[in-house]
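Asks: Per this note's numbering, residue 76 is the first one in the sequence shown, and the count goes up by one each step. Don't be surprised by glycine CBs; every beta carbon is placed ideally from N, CA and C. It should be emphasised that the depicted structure is a prediction, and the values quoted were computed from it without experimental measurement. Shown below is the structure under consideration.
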Amino acid sequence: MELQKLIYTVEDGIAVVTMNYMKNLNAIDEQMADELMYVVDKAEHDPDVRVLVIKGAEKAFSAGGDIGYFYKLIQAGGEVNMDGLISKVGSVADGLKKMSKIVITSVSGAAAGAGVSLAIGGDFMICADNAKFILAFVNLGLVPDTGATYLLTRLIGPNRTMELAATGRPVGAEEAKALGLAYKVTTVEELDSVTMAFAKKIAAGPLLSYKNIKKQIYDAMYVDYKKWLDETEVPTQRECSASMDFQEGCKAFMEKRKAIFQGK
């Protein structure tokens, strides 16, 4: 596959995936999802890859969904059907947890919507002190996707997950660390060097041990992950994305005004 929105490199046993489409702040559209599925599978099956690093840009890790695309579709009177996209990002989310290799996410700037899900979807998250995590779905009349609700419920509990999902309030880097979501917080300037130093340490470690630790954790905590993604996340997002509230939320976001939701 020719990558247009990602950069994929492998050096010294470390595969680095850089989301590289700042035109829309690394929004995860279907093309980005296709490319992410491809590189996750490629890294998993490449014997030269010992650890996977996923990163964005200094300004933004990922803004989540491409709201501008949905806005244009709504304005043109088209139907918004997210099933294909949600299924693809679900495959990415499950693939990262099921992967036999350690996954490190390196986060700078904004991680919003599905960007949060991707950031917390690895095994270790290292973030810059300017990182900001926003479950912005509710502001658009949607539900979290890319596994966010499933992961957060297990990581921080149902009450805190409800708070973050229902309010959409920003979570800074230090709070993310206090919640146990971030492994380490560093400066923007040192993020790459700190991330790569840790990746090199993992790459030099006992890979068979890592593989089986991940398998134990997956079977203990995530064995029904893909089933939940397919049978709960897809249909709940389908109902929300077909609503008038989503259309209003999307229009309000693009028109920079407060949304008026009606529960329809």
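For the region 163–175 against the region 105–112, do three or more pairs of beta-carbon atoms, one drawn from each stretch, fall closer than 8 Å, so that the two count as touching?
Replies: Touching, yes.
Asks: Are Gly139 and Gly184 touching if we call contact CB-CB under 8 Å?
Replies: Your numbering for residue 139 matches position 64 in the sequence shown. Your numbering for residue 184 matches position 109 in the sequence shown. No. Outside cutoff.
Asks: Whole angstroms is fine: what's the gap from Met237's alpha carbon to Lys259's?
Replies: For the purposes of this step, residue 237 is taken as residue 162 along the sequence shown, with counting starting at 1. For the purposes of this step, residue 259 is taken as residue 184 along the sequence shown, with counting starting at 1. So the alpha carbons of these two residues sit roughly 24 Å apart.
Asks: Can you name the residues that DSSP bridges to Lys331?
Replies: For the purposes of this step, residue 331 is taken as residue 256 along the sequence shown, with counting starting at 1. Answer is none; Lys331 lacks a bridge partner.
Asks: Taking the alpha-carbon positions, what's the Asp87 to Leu81 distance?
Replies: As a working mapping, residue 87 is identified with position 12 in the sequence shown. As a working mapping, residue 81 is identified with position 6 in the sequence shown. Each residue's Cα considered, the two are about 20 Å apart.
Asks: Let me check understanding here. Comparing Cα to Cα, which of Asp123, Arg229, Gln79, Met94 lies closest to Leu282?
Replies: The residue labelled residue 282 in the question sits at position 207 within the sequence shown. Nearest C-alpha to Leu282: Asp123.
Asks: Do you know whose CA, among Tyr300, Lys176, Gly338, lies nearest Thr221's CA?
Replies: Within the sequence shown, numbered from 1, the residue matching residue 221 stands at position 146. Comparing Cα positions, the closest option is Tyr300.
Asks: Taking only runs that begin and end inside the region 214–294, name each unbroken beta strand (DSSP E) of 3 or more residues, in chain order.
Replies: 259–261, all fully within the region 214–294.
Asks: How long is the line joining the alpha carbons of Val128 and Thr270, rounded to whole angstroms?
Replies: By one-based count along the sequence shown, residue 128 stands at place 53. By one-based count along the sequence shown, residue 270 stands at place 195. If I take the Cα positions, the gap works out to 8 Å.
Asks: Would Glu119 and Ser192 be called neighbours here (beta carbons separated by less than 8 Å)?
Replies: What you label residue 119 is simply residue 44 of the sequence shown in a count that begins at 1. What you label residue 192 is simply residue 117 of the sequence shown in a count that begins at 1. No, they are not a contact pair.
Asks: Give the single residue among Arg229, Glu323, Ala327 whose Cα lies nearest to the Cα of Lys339.
Replies: Indexing the sequence shown from 1 puts residue 339 at position 264. Minimum Cα distance to Lys339 is reached at Glu323.
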